[in-house]
Amino acid sequence: MAPAPKFSMQEQEDIILNAAANCIEKTSLLDFTMSAVAKEAAISMGSIYKHVQCKEDIIFALAIRVFKHYSMIFKEILELPLTTPERIMGITLLNPMKMQLYPFDTHLDAFVANELVVTKTSPLWTERMISAHQHCEEIFYQTMKQAVQNNELICDDENEIEAMIDEINLGGWSLTVGYQNVERITQIRQIALGTAQLHEPVASDSAIVRIFTRLINSYQWQTPLDKAGIEKTVQLLIARNLR
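Quick note: the sequence shown, position 161, residue 161 per the UniProt record's numbering, numbers continuous.
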């Protein structure tokens, strides 16, 4: 009888991905190798290939870890004792450095959106990424659905509820992610000039917060978003060490 495996399949996967993250930190997302991951994990290449077939699989696997980590933080914010508009604003007010799972989190985003990386990634990992995105979308959807059911978010036409929820979620997500991308471009300039530094979270009176407030308040809420609500959200995020 063959001896029982030292680690379960899930434990092996975790060891491999932890080793991959260490290798990437030592080199980069471009320069790490599968053999280096196997050596770091102290696992044979044969065992490695039971989980990941190529570097692209590893990039996707780590990106899924990051996305699930973010989703848990989003869920925590969307359960805070705040109004729904304040909770949504809380996502924008997060400190990116408090959310970070790996130093290369933001670079993973760019890689998994690259067509060449996607086409080389195994179906298992692309399917897992799709599932992770769907789970996150469901968290936001249920938050908005609850707001409608509680009459916190008012919609006079029941046939428009789903479209309204989609609009708010898509608009909020686009503003937040779009702003982050603009910030990354600024950071690239700073790196080139040798003046790069960790970015602080957005100020509560910044342009992006004002724009986000206009978007949220274009819908009919029992309690619209105001400066006092934004400051209350800031204080709760600080108390949770998320800002």
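All C-beta atoms, glycine included, are put in the ideal place defined by N, C-alpha and C.
Which of helix, strand or coil DSSP assigns to M9: Working through the sequence shown from its first residue, we reach residue 9 at position 9. Looking at M9 - three-state DSSP - the assignment turns out to be helix.
Touch test, the segment 16-31 against the segment 78-91, Cβ-Cβ under 8 Å, three pairs minimum: no
In chain order, each alpha helix (DSSP H) run of at least 4 residues that lies wholly inside the segment 16-43: 34-41
Cα-Cα separation, N115 to D57: On the sequence shown, residue 115 is found 115 positions in, with the first residue counted as 1. On the sequence shown, residue 57 is found 57 positions in, with the first residue counted as 1. In the sequence as displayed, the identity of residue 115 is Glu instead of Asn. Those two C-alpha atoms are separated by around 14 Å.
Outcome for K55 when other beta-carbon atoms lying within 10 angstroms are tallied against a minimum of 16: As a working mapping, residue 55 is identified with position 55 in the sequence shown. Classification for K55: buried.
CA-to-CA distance, I238 to S204, given in whole angstroms: As a working mapping, residue 204 is identified with position 204 in the sequence shown. As a working mapping, residue 238 is identified with position 238 in the sequence shown. Cα to Cα, the separation comes out at about 13 Å.
Start and end residues, alpha helix (DSSP H) containing S131: Reading the sequence shown from its first residue, position 131 is the one you call residue 131. Where S131 is concerned, the enclosing alpha helix (DSSP H) stretches over 123-149.
Helix, strand or coil at L242 [DSSP, three-state]: For this step, residue 242 is matched to residue 242 along the sequence shown. In this structure, L242 counts as coil in the three-state DSSP scheme.
Local conformation of L215 per DSSP, three classes: Taking the sequence shown and counting its residues from 1, one reaches residue 215 at position 215. If DSSP states are grouped into helix, strand and coil, L215 belongs with the helices.
I91 versus K98 - alpha carbon distance: Locating residue 91 in the sequence shown gives position 91, counting from the first residue. Locating residue 98 in the sequence shown gives position 98, counting from the first residue. Straight-line Cα distance between these residues: approximately 12 Å.
Exposed unless 16 or more other CB atoms sit within 10 angstroms - verdict on D156: Numbered from 1 along the sequence shown, position 156 holds the residue referred to as residue 156. Looking at its Cβ environment, which holds fewer than 16 other Cβ atoms inside 10 Å, D156 is exposed.
Of the residues D31, L93, L78, T223, the one placed nearest A207, counting alpha carbons only: Locating residue 207 in the sequence shown gives position 207, counting from the first residue. Nearest C-alpha to A207: L93.
Neighbourhood of L175 by C-beta distance below 8 Å, restricted to the same chain and skipping five residues each side: Your numbering for residue 175 matches position 175 in the sequence shown. The answer, listed in chain order, is T92, I208, I211, F212, L215.
Short Cβ contact (8 Å threshold) for V234 with R240: Your numbering for residue 234 matches position 234 in the sequence shown. Your numbering for residue 240 matches position 240 in the sequence shown. No; because the gap between Cβ atoms is not below 8 Å, this pair is not in contact.
Residues that DSSP places opposite L153 in a beta bridge: Taking the sequence shown and counting its residues from 1, the one referred to as residue 153 is at position 153. BP columns for L153 point to W221.
Rounded separation between S218 and E160 - CA only: Within the sequence shown, numbered from 1, the residue matching residue 218 stands at position 218. Within the sequence shown, numbered from 1, the residue matching residue 160 stands at position 160. Cα to Cα, the separation comes out at about 15 Å.
Where P3 falls: helix, strand or coil (DSSP): In the sequence shown, the residue the question calls residue 3 occupies position 3. Its pLDDT being 44, under 50, P3 is placed unreliably in this model, and the value from its coordinates should be taken loosely. Residue state, collapsed to three classes: coil.
Residue closest to Q142, alpha-carbon to alpha-carbon, out of I168, V117, M34: As a position in the sequence shown, residue 142 is number 142, starting the count at 1. It is I168.
Residues of its chain near K6, where Cβ-Cβ distance is below 6 Å and the 5 sequence neighbours each way are ignored: Position 6 of the sequence shown holds residue 6. Around K6: no qualifying Cβ.
Nonlocal neighbours in the same chain, by C-beta distance under 6 Å from A41, ignoring five residues either side: Here residue 41 is taken as the residue at index 41 of the sequence shown, counted from 1. I15, I16, A19.
Of the listed residues E127, M129, G172, nearest to L140 (C-alpha basis): Indexing the sequence shown from 1 puts residue 140 at position 140. Note that residue 140 is Phe in the sequence shown here, rather than Leu. Per the Cα distances, G172.
Alpha-carbon to alpha-carbon, I77 and G229: Your numbering for residue 229 matches position 229 in the sequence shown. Your numbering for residue 77 matches position 77 in the sequence shown. Answer to the nearest angstrom: the Cα atoms are 14 Å apart.
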